Structures are given as structure tokens and as C-alpha cells.
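What follows is a short report on a single structure.
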Amino acid sequence: MTIQAAFTQLITSLIPVHDQREAANIAHIVMEHVTGLSKMDRIVYKDRELTAGQATQLQQALAALLEHQPVQYVTGSSWFYGMELQVNANVLIPRPETEELVEWIVQDVRNSKLPQRRILDIGTGSGAIPLAIKKELPTATVWALDVSSGALETARGNAQQQKLDVHFEQMDILDTNASQSLPMFDIIVSNPPYICQRESTDMQEQVVAYEPSIALFVPDDDALLFYRQIGLLAKEKLHPGGALYFEINEAFGEETAGLLRAQGYMNVEVRKDLFGKDRMVKALL
Numbered sequence: 446m447t448i449q450a451a452f453t454q455l456i457t458s459l460i461p462v463h464d465q466r467e468a469a470n471i472a473h474i475v476m477e478h479v480t481g482l483s484k485m486d487r488i489v490y491k492d493r494e495l496t497a498g499q500a501t502q503l504q505q506a507l508a509a510l511l512e513h514q515p516v517q518y519v520t521g522s523s524w525f526y527g528m529e530l531q532v533n534a535n536v537l538i539p540r541p542e543t544e545e546l547v548e549w550i551v552q553d554v555r556n557s558k559l560p561q562r563r564i565l566d567i568g569t570g571s572g573a574i575p576l577a578i579k580k581e582l583p584t585a586t587v588w589a590l591d592v593s594s595g596a597l598e599t600a601r602g603n604a605q606q607q608k609l610d611v612h613f614e615q616m617d618i619l620d621t622n623a624s625q626s627l628p629m630f631d632i633i634v635s636n637p638p639y640i641c642q643r644e645s646t647d648m649q650e651q652v653v654a655y656e657p658s659i660a661l662f663v664p665d666d667d668a669l670l671f672y673r674q675i676g677l678l679a680k681e682k683l684h685p686g687g688a689l690y691f692e693i694n695e696a697f698g699e700e701t702a703g704l705l706r707a708q709g710y711m712n713v714e715v716r717k718d719l720f721g722k723d724r725m726v727k728a729l730l
């Protein structure tokens, strides 16, 4: 089978599951993963035959995709803030909206003109947030926590691959005794679980079935569980004048801001993402 024939087969097979544009995008990602060739190179070498190993890999990828596995899990990687990160079923797939949260933090630090910062990311998953921050702010001391040992193994692997120095530690942030051992920070950031269980019926099957539920869902009757707990922790672990940043559920922007104001934070700001949805909150101590 030639490269062009394989690409066409992928799209044709995926159209019953995805619309044509998404099927083509997924096919490009898979073909680059299988062949190691860029889109331009695949055009130049479109009549090149796949090796037996590549053909097998292609069929395995297609079978996984037809079971609604996310293409990032199929290829084992996802791009975030200019970095190719390894992802698997232990971690969420990094989203473009989270890049906006990183950009907000980076710009705030640069505008402050202070040379050093100690920054903590809570619920780090693949390590996307702290690694992007460390990449952009190399003089910062960056810590990252997660309750999942599998997520931390992935995050440490990504840090090693990106040659970035981030301190990772396993911790359940809901365990107030464990968090007492943390040092003081200038910035705390988190993209915690924030999707109510009832919202799962409206979500894509590939997200609900394959991405880790521990990183997605909160009880219907306590949607702000992690924001409340992290807000309390940050009051103890942020230096005076420190900043707390969250990614949030678009349905709870004002509720999250109100919670932080009630906890004593100042200058609480809700910011929309590129799609016009409430997506981020910043609060000052």
C-alpha cells in the first residue's frame, strides 16, 4: 500500500465516526506518526510503499480510532505550547485553552519585572502547565503536584524529554495534612477537575471513555470542591501579594470568582478564552 492510498483509506474509514475535516486532520496526524514524514514529504513521496511494519501500525491505529480512542492516545503524543508531550490514559490531553492560562501567567510575570518566581501547579497531569511556564520563565523555581503516580511518571518523562527542571511530588490536595509540608510560593496555578457528573452525557464519547475521570469530574452537589480547597491552601502558601490562577468550568465563572472573594482574595478577574467562554480566573492575596 502506498502512502497516498493509506491516507485515503484512513479518511474513508474515519468519516462514519468524524466529519470530513476532522477525519482528514486525524489522518494527517496518524500518517506522520506511522511514516515519520511531514505533510509536504508525504506529498513528494506519495507513491512510496509502506513497510510491513508501517502497514501493521497503521491498521492498529485505525482499529483504535474506530473504537473512539483519542488520536493523541493512539500516537502517544500531543502538542502544547510548542512542545511535543507524551500522553497516555493516565493524563488528560492538553487543550489549547490551557495555553491561554499559561500565557496570562507568563505575561504577568514578565510585566512585573521581577527576576525570580516560585510557582506551583496543582493537578499537573502530563506536566503541560509547569513545563510551559519553566520553558518561558527559565529563572523560575517550578513545582508540580498530582495525586496520580501514573500521571507523575508521565510528567517526569516529559520534563526529561524537554530538558526542563521541574520538581514533581505526589500529593492529594484534598488532604490538608499532606499539603502543610509545602513551601511558600509566589504563584499557584491549577486546572483542577471541574466537570459535574451530570455534564458527562453531553461530552464526546472519546473523552468520557478514555480520559482519566479522576482529572475530569466533580460531584454534582459540590462543583467548586477543588477551587474551595486550593483557595484555602493558597491563603496559607502564597506570599503576600501572591497570585492564584485557575482554569474554570465556563458555567461557573461568577460562582468561582464569588468563592474567592468570600475567601478574602482581592482583584478577582474572570477572563474569557478565544471562544468567548469564561475560562480563567486570577485572584490576588
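Quick note on the working numbering: the sequence shown kicks off at 446 and runs consecutively.
Glycine included, each C-beta is placed from N, C-alpha and C at the ideal position.
Values in this document were obtained by computation on a predicted structure and should not be read as measured data.
- Membership of Asp464 in any beta strand (DSSP E) is not indicated, and neither H nor E is assigned to it by DSSP.
- Remark: fewer than three beta-carbon pairs, one from each stretch, lie closer than 8 Å, so the segment 525-544 and the segment 484-500 are not flagged as touching.
- For Asn622, no beta strand (DSSP E) encloses it; the enclosing alpha helix (DSSP H) starts and ends at Thr621 to Ser624.
- Here Ile460 has Ala468 as same chain residues with Cβ atoms under 7 Å from its own Cβ, once five neighbours each way along the sequence are excluded.
- Across the structure, His463 and Leu730 are spaced so that their CA atoms are roughly 46 Å apart.
- By the CB criterion at 8 Å, Val554 and Thr520 fall outside the cutoff.
- In terms of Cβ geometry, Arg706 and Arg716 do not form a close pair [threshold 8 Å].
- Separation of the CB atoms of Glu692 and Glu542 is rounded to 7 Å, and the pair is thereby assigned contact status at 8 Å.
- Contact between Val611 and Gly572 holds: their C-beta atoms lie close to 7 Å from each other, under 8 Å.
- Remark: C-beta atoms of Glu477 and Met446 do not approach each other more closely than 8 Å.
- Under DSSP, Gln505 forms no beta bridge with any residue.
- Between the beta-carbon of Ile456 and that of Thr480 there is about 16 Å, and that puts the pair past the 8 Å contact cut.
- The segment 623-634 makes contact with the segment 681-696, as at least three CB pairs between them are under 8 Å.
- Judged by DSSP secondary structure, Pro583 falls outside any beta strand (DSSP E); it is assigned neither H nor E.
- Rounded to the nearest whole angstrom, the C-alpha separation of Gln642 and Ala596 is 22 Å.
- Taking the C-beta atoms as reference points, Arg601 is found no nearer than 8 Å to Ala585.
- Looking at the DSSP output, Ala688 sits in a beta bridge with Ile632 and Leu729.
- Between Ile640 and Leu678, the C-beta gap is not smaller than 8 Å, which leaves the two residues out of contact.
- In the structure shown, Met446 falls within a coil segment according to DSSP collapsed to helix, strand and coil.
- Scanning its chain for C-beta atoms nearer than 8 Å, with the 5 sequence neighbours on each side dropped, one finds around Ala509 the residues Tyr518 and Val519, in chain order.
- The beta carbon of Phe452 lies closer than 6 Å to those of Ala472 and Met476 in the same chain, with the five residues before and after it left out.
- Minimum Cα-Cα distance from Pro583 among the listed residues Gly570, Ile675 and Val551 corresponds to Val551.
- For Arg716, the pairing in a beta bridge is given by DSSP as Met725.
- Nearest to Gln504 by alpha-carbon distance, out of Met629, Asp665, Gln454 and Ala728, is Gln454.
- The three-state secondary structure of Ala573, taken from DSSP, is helix.
- When secondary structure is reduced to three states using DSSP, Ser523 falls in the strand class.
- The beta carbons of Phe662 and Ser645 sit closer together than 8 Å.
- Counted as a single uninterrupted DSSP element, the alpha helix (DSSP H) harbouring Met485 occupies residues Lys484 to Val489.
- The residue among Asn470, Gly698, Asn622 and Gly721 with its C-alpha nearest the C-alpha of Lys727 is Gly698.
- Cα atoms of Asp665 and Leu704: separation of roughly 17 Å, rounded to the nearest angstrom.
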